[in-house]
Amino acid sequence: MFNLKPIALVCGTVICAVGFFLFIPLITEVIYKTETWQSYAVPILLYLIVGGSLVITNKNVDLKITLKEAFVMTVLSWLLMTFLCAVPFLYTKVDLGLVDALFESMSGVTTTGATILSNINALPKGILIWRSFLQWLGGIGIVVIALFILPFLRIGGMQLFHLEGDDPYDKSLPKISSVIKKIFTIYSILTIILIFLYYIFGMNFFDAITHSFTTISTGGFSSYDDSFANFDSDKILVIGIVFMILGSLPFLVLVQTSHKNLFAIFKDHQIRVFFIVLIIAITMIFFFANSYIDGSYLSKIIAVSFNTISIISGTGYISENFENWGNYASVLFLILMFVGGCAGSTTGGLKVFRFQILFKYINLHLKKMLKPHSISASRFNGKIINETTYESVMSFFFLYILTFFISALLLSFSGLDFLSCISASASTISNVGPGLGSIIGPDGNYGILDNYSKLVLIITMFLGRLELLTIFILLIPSFWKD
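For the record, in the sequence shown the residue sitting at position 439 is 1687 according to the working numbering, with numbers rising by one throughout.
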């Protein structure tokens, strides 16, 4: 049987945390002197009472949990946070329906960036800061899950990043609590630096805060319908490029990088491949798309780089309608949605390291075909890749592609066109945001979809963010047996 007390303690902590976080939009509304702040008072009071009661009741329980309880706690806490964070969208002046509120909340906490809102800059400041903060929170949350929960659960090859004594990442970071504190510190410092840079290069202070939250988390929510095109500034785009790349790198590696060893970051195999993919993608798109873009040669390079990095990192910012760059660019962007950034970053997608593992396995298999009795092994960042890791990665790949196709098929039942079904499914499972086509493309949003389609995409976002297997294992009947 499950020990419900640790689960109750975690749920109570999540509820309390969301209650405290709601002070952020409340204070924002007070500063801007609106009456909307009253909409936050009741949820804050309710969350703190309920969450506090659960924490106080279970504060002395033994936090030693089983593997099954770890799965349940991970999924339940993420779902609970989504539902709790949806409340402001229901009761403020935004006045969304339940499905729309859940869609916006799920898109926020999963850092997807798909939105059903329009005329965004006219919304209350509290809601704008809230949806941006959700992505900032979801970004640091997924980094912690990716580095300290998924390796423990041995999901999708993430066991390669387990903090063990022989782990190359672990030489100067012996304690998990210390690592988490350092990651949170660098995440916060990068956010503060980004706020400052956005502000001095043209954004107002409020926009600088909201866009910093969603840049470093590679989330993509903007305070404007036309996203970064609203600022019409190459300098702001360059700043966005730099910090989207930083958000796409393993935060564990960033923590271990200092001014004395700045280039040590490139010793990581995953980071090197990520930059190679990025450079190739930008070069290819620029070669075919530069004739469709207005402006100087430098502005064209910046525009292509910004939108390419935005898609591959899963940020989803838009500075140009890349669908006007020709079919080639649209197809390549669709492919890049699946690639994603590095493991241990805030990005979505399949992650670069899984492609590396898959290609290593194919290479190993071909060698065995030539020499069946030979014994050979592949390494990743100095660690030997065992059969269990290969199986884990291949299982993840299969489920990822299968889920993508099932999601697209379910969307087709609502009458959506082929391109919208494919790109919406790809964008949400990879936590990117914008899709392709006239409905959900760079110039559209998800608000026009019916509730059925939105529910499908809510589930797809959730599956993609929690690496599929974390959720699918709960559907196996044997999981619930003693």
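Cβ atoms here follow ideal geometry from the backbone N, Cα and C, with glycine treated the same way.
From a predicted model like this one, the values you see are computed outputs, not experimental measurements.
Nearest-angstrom beta carbon gap, residue j and residue i [assumed within contact, 8 Å]
i: T1340; j: S1287; result: 4 Å
i: T1563; j: G1361; result: 7 Å
i: I1605; j: Y1648; result: Their Cβ separation, rounded to whole angstroms, is 14 Å, which puts I1605 and Y1648 out of contact at 8 Å.
i: M1709; j: T1358; result: 5 Å
i: G1467; j: G1386; result: 7 Å
i: L1270; j: P1291; result: 6 Å
i: F1499; j: I1443; result: The pair is not a contact, with the Cβ atoms about 19 Å apart (cut-off 8 Å).
i: V1680; j: G1596; result: 6 Å
i: A1256; j: L1302; result: 5 Å
i: T1594; j: I1428; result: About 15 Å separates the two Cβ atoms, so there is no contact after all.
Whether residue i touches residue j by CB criterion (9 Å)
i: G1260; j: T1322; result: no
i: S1475; j: T1458; result: no
i: G1630; j: S1678; result: no
i: S1626; j: K1608; result: yes
i: I1493; j: V1501; result: no
i: A1477; j: S1366; result: no
i: L1703; j: V1347; result: yes
i: M1585; j: I1560; result: yes
i: L1526; j: T1556; result: yes
i: F1409; j: G1450; result: no
i: A1529; j: I1541; result: no
i: Q1383; j: S1465; result: yes
i: L1612; j: S1624; result: yes
i: K1373; j: I1279; result: yes
i: D1310; j: P1399; result: no
i: S1496; j: F1534; result: no
Assigned secondary structure, residue i (DSSP; H/G/I helix, E/B strand, else coil)
i: R1402; result: coil
i: I1566; result: coil
i: F1469; result: coil
i: K1483; result: helix
i: F1628; result: strand
i: P1682; result: coil
i: Y1280; result: coil
i: D1455; result: helix
i: A1591; result: coil
i: K1419; result: Bear in mind that a pLDDT of 41 at K1419, under 50, signals an unreliable position, so the model cannot answer this.
i: L1606; result: helix
i: E1715; result: coil
i: P1372; result: coil
i: K1548; result: helix
i: I1724; result: coil
i: L1344; result: coil
i: T1433; result: helix
i: A1512; result: helix
is_contact[residue i, chain D] using C-beta, thresh 9 Å
i: P1372; result: The structure shown contains no chain D; it is built from a single protein chain.
Proximal residues to residue i (C-beta, below 8 Å), its chain only, five neighbours per side dropped
i: V1298; result: G1260 and I1263
Sequence-distant residues of the same chain with beta carbon closer than 7 Å to residue i, five excluded per side
i: F1432; result: I1388
i: L1332; result: I1263, V1266 and Y1295
i: D1698; result: S1662
i: A1349; result: A1334, F1337 and L1338
Close Cβ partners of residue i (< 6 Å) along its chain, the five nearest in sequence each way excluded
i: W1378; result: P1273 and P1336
i: D1414; result: Because D1414 carries a pLDDT of 37, less than 50, the predicted location of this residue cannot be relied on, and no value is offered for it.
i: I1375; result: T1340 and V1342
i: L1667; result: L1684 and G1685
i: S1380; result: T1458, F1461, T1462 and F1469
i: F1720; result: none
Cβ contact check for the segment 1684–1699 and the segment 1718–1725: 3 or more pairs under 8 Å: For the pair of segments examined, the segment 1684–1699 was found not to touch the segment 1718–1725: the number of CB pairs separated by less than 8 Å stays below three.
The segment 1589–1601 / the segment 1508–1525 touching (three or more Cβ pairs under 8 Å): Yes, they touch.
Touching by the beta-carbon criterion (3+ pairs, under 8 Å), the segment 1389–1407 and the segment 1632–1650: Three or more pairs of CB atoms, one per stretch, sit closer than 8 Å, so the segment 1389–1407 contacts the segment 1632–1650.
Stretch pair the segment 1647–1659 + the segment 1673–1684: three plus CB contacts closer than 8 Å: Because the criterion of three Cβ pairs below 8 Å is met, the segment 1647–1659 and the segment 1673–1684 touch.
Stretch pair the segment 1479–1497 + the segment 1390–1401: three plus CB contacts closer than 8 Å: No, the segment 1479–1497 does not touch the segment 1390–1401.
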